[in-house]
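Numbering (this note's numbering), first residue to last: 32 to 300.
C-beta atoms are modelled at their ideal positions from N, C-alpha and C, and glycine is treated no differently.
See below for the structure under consideration.
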DNA sequence: ATAATCACCTGCTCGC
DNA sequence: TGCGAGCAGGTGATTA
């Protein structure tokens with residue numbers, strides 16, 4: 032489940048292989064991802080200037096527009112030699128003038144590939160997104176201000192992409208644990224001071240995961256292309272009924288808004 | 001307007 | 001051993 036750190040790790044892993052290259056062609060073997068795959072004909076021989084990230088989207092910028100890629104739940108990118116045989120779930124190939132191909136694999140097909148002329152952020156998928164969690168405008172004051180009328184669980188609030196992007200289920204659980212906040216508390220009832228702590232813990236856990244991805248980053252050439260998932264560092268996610276790493280109390284597993292939620296009833300209030 | 005639910009899709013685990 | 005059921009999860013669309 033690529034979350035923001037995994038997407039960022041992917042970006043760093045592939046950028047040196049694609050930036051500055053021309054797109055010589057492509058193959059779309061399965062056009063039905065979450066939305067129909069878009070690769071306009073005018074991109075042939077276009078130069079890929081750079082790869083950026085916005086939320087969990089990877090933006091491949093060309094002179095006149097950008098391809099907008101989302102890895103969904105099961106997507107991954109790898110760099111392969113052009114002509115190497117695709118696997119069952121290798122849905123899209125982008126051929127580069129280096130003799131290599133950027134290959135998208137996505138077994139569950141929750142990912143997407145769109146094209147947007149000019150600035151990628153003008154695309155409807157990106158237009159209403161909230162702030163980036165690692166930028167300075169994401170802080171306790173922002174969370175406090177945005178939550179004043181919100182009755183939803185603070186965990187659901189934290190995962191609302193119109194508020195702040197890139198915080199999926201795994202890191203929402205982790206950040207709330209680190210901040211000592213119970214996931215089901217109404218967002219509007221969390222104090223400014225506690226939002227200060229929550230914002231800083233969100234940054235810390237995402238940054239740590241990105242650095243972990245950097246250290247465990249596999250070679251994106253010829254490998255399976257999947258960055259590490261920070262598994263060893265997770266303190267609550269996937270650990271229901273196991274002892275809390277701080278106080279040894281068995282962790283509580285619940286569901287908030289259809290999502291698996293794990294917390295420590297002793298450490299989080 | 002906000003909140004809750006649904007839908008998309010496949011691989012994997014589980015119980016029988 | 002085989003098989004259906006349930007689950008996982010990002011996020012836009014739909015319903016309440």
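- Contact holds between the stretch 45-64 and the stretch 118-126, because three or more Cβ pairs, one in each stretch, are under 8 Å apart.
- Scanning 147, 88 and 143 for the CA closest to the CA of residue 95 turns up 147.
- Per DSSP, residue 84 is one residue of the beta strand (DSSP E) stretching across 79-85.
- The Cβ-Cβ distance between residue 74 and residue 82 does not fall below 9 Å.
- In the displayed model, residue 48 falls within a helix according to three-state DSSP.
- In this structure, the beta-carbon distance from residue 217 to residue 184 falls below 9 Å.
- No Cβ-Cβ contact shorter than 9 Å links residue 294 with residue 237.
- Look at residue 226 here: in three-state DSSP terms it is helix.
- According to the DSSP assignment, residue 91 belongs to the beta strand (DSSP E) that extends over 88-93.
- In this structure, DSSP gives residue 178 a state outside helix and strand, which the three-state scheme calls coil.
- Between residue 180 and residue 288, the gap from beta carbon to beta carbon reaches 9 Å or more.
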